[in-house]
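**Q**
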Amino acid sequence: MDYNPTVAQIKTQCYLSVGPLALDQALRQGIVDVAMEKDATTVDPSSFSLLVSTPSGLSPSQVSVAFSDAYDRIPRSDVSLEDTISEIWEQRSLKNNSLFNGKKFRYGGCVLDAGDGSDREPRLCLHLGLTDYRTFVGTNLSPLWERFLVQSEDDSVLCQNTSSPLGNGAVVETKDNKILVLQRSNNVGEFPGHFVFPGGHPEPQEIGITSHQYIKELAESINIKVSQEMFDSIVREVVEEIGVPASSLSIPTFIGISRRNLNVRPAAFFFINCSLDSKEVQQFYSSAQDGYESTQLYAVPMDEVENMTSRMPGCHRGGFALYKLMVDTRKIT
1 MDYNPTVAQI KTQCYLSVGP LALDQALRQG IVDVAMEKDA TTVDPSSFSL
51 LVSTPSGLSP SQVSVAFSDA YDRIPRSDVS LEDTISEIWE QRSLKNNSLF
101 NGKKFRYGGC VLDAGDGSDR EPRLCLHLGL TDYRTFVGTN LSPLWERFLV
151 QSEDDSVLCQ NTSSPLGNGA VVETKDNKIL VLQRSNNVGE FPGHFVFPGG
201 HPEPQEIGIT SHQYIKELAE SINIKVSQEM FDSIVREVVE EIGVPASSLS
251 IPTFIGISRR NLNVRPAAFF FINCSLDSKE VQQFYSSAQD GYESTQLYAV
301 PMDEVENMTS RMPGCHRGGF ALYKLMVDTR KIT
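Take the sequence shown: its letters are residues 1 to 333, numbered as in the UniProt record's numbering.
1) Just to confirm, are S227 and V111 a CB contact at a threshold of 8 angstroms?
2) Beta-carbon within less than 8 angstroms of F320's beta-carbon, same chain only, minus the 5 sequence neighbours each way: which residues are those?
3) Three or more beta-carbon pairs under 8 angstroms between the stretch 138 to 156 and the stretch 274 to 283, yes or no?
4) Round the Cβ separation of H212 and D69 to the nearest angstrom and send it over; I've been treating them as touching at under 8 angstroms.
5) Is the beta carbon of A288 less than 8 angstroms from the beta carbon of E240?
6) List in chain order: all unbroken beta strand (DSSP E) runs of 3+ residues lying wholly within the stretch 276 to 322.
7) Please confirm whether G108 and Y71 have their CB atoms less than 8 angstroms apart.
8) Can you tell me which residues form a DSSP beta bridge with T131?
9) Closest to K178 by CA distance: which of P301, V52 and T54 is it?
10) Once the 5 residues before and after D39 are set aside, which same chain residues still bring their CB inside 8 angstroms of it?
11) Below 6 angstroms CB to CB, which residues in the same chain sit around V52 once its five sequence neighbours on both sides are set aside?
12) In angstroms, rounded to a whole number, what distance separates the CA positions of E217 and A66?
13) Do you know how far the Cα of Y292 is from the Cα of A35?
14) Ordered along the chain, which non-local residues of its own chain (more than five positions away) have a Cβ less than 8 angstroms from that of Y74?
15) What number of angstroms, rounded off, separates the C-alpha of L322 from the C-alpha of R184?
16) Would DSSP call Q205 helix, strand or coil?
Here's what the structure looks like:
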């Protein structure tokens with residue numbers, strides 16, 4: 001039987017993606033129209049896909065990057081749909097003058113070499129382009145996000161018209177074997193009030209990247225810098241959101257990439273050990289630099305996190321699935 005979602009269901013889906021203000025503006029402008037109300041499908045906000053899983057964990061030396069404009073977003077041929085990107089951004093900017101159109105790394109796929117199980121260790125090469133927050137808001141977070149998708153089983157083709165900035169997240173385990181989970185504040189742009197792991201985005205500006213305009217001879221060194229930023233950025237996010245000193249954190253271990261099915265939102269996930277116990281972490285959290293992004297920090301056993309995942313956005317629920325695969329692999333080995 002065909003499923004025809006109600007207007008209320010569509011509104012709920014859009015609210016989780018872009019928040020109440022942007023949804024209301026989109027409805028008033030007619031960006032979400034009658035045709036969409038009839039044709040849209042409702043996607044479970046907590047559903048996810050695992051784009052790549054490395055349960056044995058990868059160190060920084062095992063992860064490389066190919067940074068190229070070949071992995072940038074391809075605009076749609078539908079001019080009217082493309083125009084909605086600027087329309088949505090302009091409306092959001094009018095209501096929130098703190099919005100900043102920063103550059104982000106765009107996820108364009110990856111290549112995993114699983115190794116041979118003996119001397120040759122597994123390696124991953126991330127294919128990254130460049131995008132920005134404006135295009136992210138206007139494609140992935142748009143009420144019309146599904147219209148930017150291309151029908152294909154190839155993920156890079158499916159999402160070739162979306163901004164798809166690569167987010168990141170960390171499953172942080174304390175000295176007393178607790179996992180750190182944040183509850184997002186009601187003022188954040190995505191999934192207000194939901195449970196999440198600490199995370200954000202690797203930032204091009206941190207390593208001086210503003211465009212693809214650079215000397216070709218520097219391509220290799222730039223790829224190395226971008227690869228290092230993948231690991232440096234997740235440590236920054238944990239420090240800024242949890243408040244713990246960087247010296248208390250282990251070198252991050254890459255465990256895979258999950259994608260929230262709603263808005264096709266990709267995120268690289270890492271596992272990090274913290275040398276502090278959960279009580280010490282809570283003390284640091286009270287003075288965290290980005291503490292305003294969350295209302296509470298939970299330090300809970302693994303089985304309790306399982307119960308919290310139904311209130312996580314899909315990309316973070318997928319991150320926990322990647323963590324469980326890592327734990328299971330370590331039990332076997």
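We put the CB at the ideal spot given by N, CA and C, even for glycine.
**A** On the basis of the coordinates in this document:
1) no
2) V171, F197, V305, E306, T309 and M312.
3) no
4) 4 angstroms
5) yes
6) 294 to 300
7) Yes; because the gap between Cβ atoms is below 8 angstroms, this pair is in contact.
8) K104
9) The residue from P301, V52 and T54 with its alpha-carbon nearest to that of K178 is P301.
10) In this prediction, D39 scores a pLDDT of 40, lower than 50, which makes its location untrustworthy; the coordinate-derived value is nonetheless stated afterwards. Here D39 has no same chain residue with a Cβ atom under 8 angstroms from its own Cβ, once five neighbours each way along the sequence are excluded.
11) C110, L112, G256 and I257
12) 14 angstroms
13) Since pLDDT at A35 reaches only 33, below the 50 mark, its modelled position is unreliable, and the value read off the structure follows with that caveat. Rounded to the nearest angstrom, the two C-alpha atoms are 39 angstroms apart.
14) The sequence as given places Ile at residue 74; Tyr does not occur at that position. A distance below 8 angstroms between beta-carbons, with the five flanking residues on each side excluded, links I74 to the following residues of its chain, in chain order: Q160 and N161.
15) 21 angstroms
16) If DSSP states are grouped into helix, strand and coil, Q205 belongs with the helices.
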